[in-house]
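Here the structure comes first, spelled out in structure tokens, and everything after it is commentary.
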Amino acid sequence: MHLQTLIQINDINALTKRRAEFFLENKKTTSMTKLASVLFDAGIHWPEAKYHFDAEAEQIIADRLTIPENLTPFEWEIQEAIMGPASHELLMLLWYRTDRMKHNLRKEERGTILAKLWLGALMDRDVEFLDTFRSDLTEEMDKYGELESYTEWQEVWHFTKLLEQWVVSQNVAHEKQIDDMITDTQLMGDISQAKYFTLIFARTRQGHPYHNYELKNPDPMPIVVRKTAGGVILGRRRYLGLHLDDIVLGRNKSTLRRFEKAESQLSFGGLVQLSGQMAVLVPTLLGSMNVTLQGQNRNITLWFSWYDMVSLKARGKDVASAQDVINRTMKFMKDVPAKIRQGQLFVLQRAAMEVGFNHFDESEQRTVASKLLKQLLKSNHWGLFEYLILRYICPLLAFDDLSLLFQHVQRILSKQPGFFGRSYAYGAMSLAFVCAVKTKSSDEVVNFIQGLGWINDIDEADGSRWMAMGSREIALDLIQKTETSKNAVKQFIVRCQNTGHHKVLADLKDYWRELVPNDYFKI
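To convert, count from 1 in the sequence shown and add 1; that's our numbering.
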């Protein structure tokens, strides 16, 4: 449905239009349309201080929003809409459900859900909820590291902490910290994020605890391993409370029933249509197969292998096991077309080098990088595969190729708002600035940097984007060495501190440690 940003900025016109389009296509009343109706209402009205769900709407959410085998964008969007209007009892119910799933959620997913529920309680100034779960949330953050280390949540988590500070002790100093954060967020181009914070604070000012003592907690859905696409669809259909009669697919019920039992197949077009009615993306559906009770996916994909690689140290694995990850992935991908397989191997080798496994021929990688560059420039629609290649290819390219590549990246980003792979493009840009300063003349670097000024005009709250902007300012300062360039870096550092981007500053120190003095980032 892709409503999360529209909900956050409360774009009523867009939400109203999307609602009309949805119900034009889905005229039959089902459990799914009832849930969608609640979602649209919440998205439109959540900033209103007196708006809360009635008992019927809350029961619909409680009946449906159990945590399934894995989270999908649909669940994230529901959570985004409901946290403000939800009652104390619904927030409690969802907190306990999330806690029940601690064995089956990656720590950032679990922590993010808990933080969303916490933010919902803050908007209602529900001190009882805060006091009940404060120690739980503190333990979660102490165990896994605060959410500011997750780039997609850095600003929201810092804002949440400032908001809690204000709710607990309302004074001018605490209010000023919130206002300063909103201002700096907006000045850095995160216009939508700044509006989101403004709406939250406005609701919180008038917030009050809201109760729904009629709420019933249905039995939680058991977690079942699904080994086929049809099996995932069956679990999804039951999760949403849909009957076979509710599905409009131009096929009879027996065909769908056989598909769910893995006795037949659907065409790709049919699978796309069916997935749409289940509010799940096809890649998410296919990635949901073989998910175990421990939340580990047995499907070997580039992303899962890459994640295994970059998290080796965090998982207590020896760096030498990087080769095992590569061998396992390449064995599984033996039937993949050669060009794709070459790109996958390149990504995993470069990721392995970043974690300290340096057993590869870089001259050979440069040859591969040249081939992959041509593939990237020919492609006008990127997926995660292309973004991961971009993330690692920059240090191996000639300077002219870098300029050409990022012109193409700008076009790609303009066509893919909201795609989660965008953060890899910003990460690649940060690396490109470092490489440019290390290897090129001043004039070349300045022209290159100025050609990437469009990064400042993107309305996207992403820590990787902040890092790219910071790298750009540092590169200019190292080349120009003026008071203006120096002050621009200082201003960026202050804004990072005011908005909770401590991970950005830590990463910038690491990226630039060979080129700047030790006290460069001190204010």
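A virtual CB, placed ideally from N, CA and C, is assigned to each residue, including glycine.
Item to check | Inter-residue spacing [alpha-carbon to alpha-carbon] between residue 40 and residue 46 | outcome: Reading the sequence shown from its first residue, position 39 is the one you call residue 40. Reading the sequence shown from its first residue, position 45 is the one you call residue 46. About 10 Å.
Next on the checklist: I need the DSSP call for residue 116, collapsed to helix, strand or coil.
Outcome noted: The residue given as residue 116 occupies position 115 in the sequence shown. Three-state DSSP puts residue 116 in a helix.
Checklist entry - Are the beta-carbon atoms of residue 115 and residue 84 separated by less than 8 Å? => result Working through the sequence shown from its first residue, we reach residue 115 at position 114. Working through the sequence shown from its first residue, we reach residue 84 at position 83. The answer is no: Cβ separation not under 8 Å.
Item to check | DSSP-derived helix/strand/coil call for residue 294 | outcome: The count along the sequence shown starts at 1 and reaches residue 294 at position 293. At residue 294 the pLDDT is 46, less than 50, meaning the model places this residue with poor confidence and gives no usable figure here.
Checklist entry - With DSSP run on the structure shown, which of helix, strand or coil describes residue 508? => result Residue 508 sits at position 507 when you count from the first residue of the sequence shown. Correct three-state label for residue 508: helix.
Next on the checklist: Three or more C-beta pairs under 8 Å: does that hold for the segment 168-186 against the segment 52-63?
Outcome noted: no
Item to check | From 322, 447, 307 and 346, residue whose alpha carbon lies closest to that of residue 358 | outcome: Taking the sequence shown and counting its residues from 1, the one referred to as residue 358 is at position 357. Per the Cα distances, 322.
Checklist entry - Quick one, are the C-beta atoms of residue 168 and residue 123 less than 8 Å apart? => result Looking up residue 168 in the sequence shown gives position 167. Looking up residue 123 in the sequence shown gives position 122. Yes, Cβ-Cβ distance for residue 168 and residue 123 is below 8 Å.
Next on the checklist: Within a Cβ cutoff of 6 Å, which residues of the same chain sit near residue 280, ignoring the five residues on either side of it in sequence?
Outcome noted: For this step, residue 280 is matched to residue 279 along the sequence shown. Hits under 6 Å: 75.
Checklist entry - If you check the beta carbons only, do residue 306 and residue 326 fall under 8 Å apart? => result Numbered from 1 along the sequence shown, position 305 holds the residue referred to as residue 306. Numbered from 1 along the sequence shown, position 325 holds the residue referred to as residue 326. Cβ distance < 8 Å, so residue 306 and residue 326 count as in contact.
Checklist entry - Any contact of the segment 432-451 with the segment 409-417, i.e. 3+ C-beta pairs under 8 Å? => result no
Next on the checklist: With H, G and I counted as helix, E and B as strand and the rest as coil, what does DSSP make of residue 266?
Outcome noted: Walking along the sequence shown from the start, residue 266 turns up at place 265. Residue 266: coil per DSSP, three-state reduction.
Checklist entry - Which runs of the alpha helix (DSSP H) fall wholly inside the segment 319-406 and span at least 4 residues, in chain order? => result 323-333, 339-355, 363-379 and 385-394
Checklist entry - Cα separation between residue 422 and residue 214? => result The residue labelled residue 422 in the question sits at position 421 within the sequence shown. The residue labelled residue 214 in the question sits at position 213 within the sequence shown. Whole-angstrom Cα-Cα distance: 42 Å.
Checklist entry - In angstroms, rounded to a whole number, what distance separates the CA positions of residue 254 and residue 11? => result Mapped onto the sequence shown, residue 254 falls at position 253. Mapped onto the sequence shown, residue 11 falls at position 10. Taking the straight line joining both Cα atoms gives about 39 Å.
Next on the checklist: Closer than 8 Å is the cut-off here; do at least three beta carbon pairs connect the segment 227-234 with the segment 187-201?
Outcome noted: no
Next on the checklist: Just to confirm the assignment, what range does the alpha helix (DSSP H) spanning residue 17 have?
Outcome noted: Position 16 of the sequence shown, counted from the first residue, corresponds to residue 17. Where residue 17 is concerned, the enclosing alpha helix (DSSP H) stretches over 13-26.
Next on the checklist: Below 8 Å on the Cβ atoms is my contact criterion, and I expect residue 210 with residue 89 to pass it. Report the Cβ-Cβ distance as a whole number of Å.
Outcome noted: Here residue 210 refers to the residue found at position 209 when the sequence shown is read from its first residue. Here residue 89 refers to the residue found at position 88 when the sequence shown is read from its first residue. That pair is a contact at about 6 Å.
Next on the checklist: Between which residues of its own chain and residue 77 is the CB-CB distance below 6 Å, once the five residues before and five after are set aside?
Outcome noted: Taking the sequence shown and counting its residues from 1, the one referred to as residue 77 is at position 76. Nothing meets the Cβ criterion.
Item to check | Three-state secondary structure (DSSP) of residue 187 | outcome: On the sequence shown, residue 187 is found 186 positions in, with the first residue counted as 1. The answer is helix: DSSP assigns residue 187 an H, G or I state.
Checklist entry - So residue 472 is in the alpha helix (DSSP H); what residue range does that whole segment cover? => result Locating residue 472 in the sequence shown gives position 471, counting from the first residue. Residue 472 -> alpha helix (DSSP H) spans 464-481.
Checklist entry - Any heavy atom of the ligand COA within a distance shorter than 7 Å of the CB on residue 442? => result With respect to the ligand COA, the structure offers nothing, as it holds no ligand at all.
Item to check | CA-to-CA distance, residue 33 to residue 92, given in whole angstroms | outcome: In the sequence shown, counting from the first residue as 1, residue 92 sits at position 91. In the sequence shown, counting from the first residue as 1, residue 33 sits at position 32. Whole-angstrom Cα-Cα distance: 21 Å.
Next on the checklist: Assuming residue 431 is part of the alpha helix (DSSP H), what are its boundary residues?
Outcome noted: Position 430 of the sequence shown, counted from the first residue, corresponds to residue 431. Looking at the DSSP string, the run of the alpha helix (DSSP H) that includes residue 431 is 423-440.
Checklist entry - Could you check where the alpha helix (DSSP H) with residue 193 kicks off and where it finishes? => result Within the sequence shown, residue 193 is the residue found at index 192, counting from 1. It spans 192-206 - the alpha helix (DSSP H) in which residue 193 sits, taken as one unbroken run.
Item to check | Three-state class that DSSP yields for residue 523 in the structure shown | outcome: Here residue 523 refers to the residue found at position 522 when the sequence shown is read from its first residue. Note: residue 523 maps to coil in three-state DSSP.
Checklist entry - Where residue 489 and residue 144 are concerned, what is the direct C-alpha to C-alpha distance, given to the nearest angstrom? => result Numbered from 1 along the sequence shown, position 488 holds the residue referred to as residue 489. Numbered from 1 along the sequence shown, position 143 holds the residue referred to as residue 144. Using only the alpha carbons, I get a separation of about 36 Å.
Checklist entry - With 16 as the cutoff for other CB atoms within 10 Å, does residue 295 come out buried or exposed? => result Numbered from its first residue, the sequence shown carries residue 295 at position 294. Caution applies to residue 295, whose pLDDT of 45 falls short of 50 and renders its modelled position unreliable; the model cannot decide the point.
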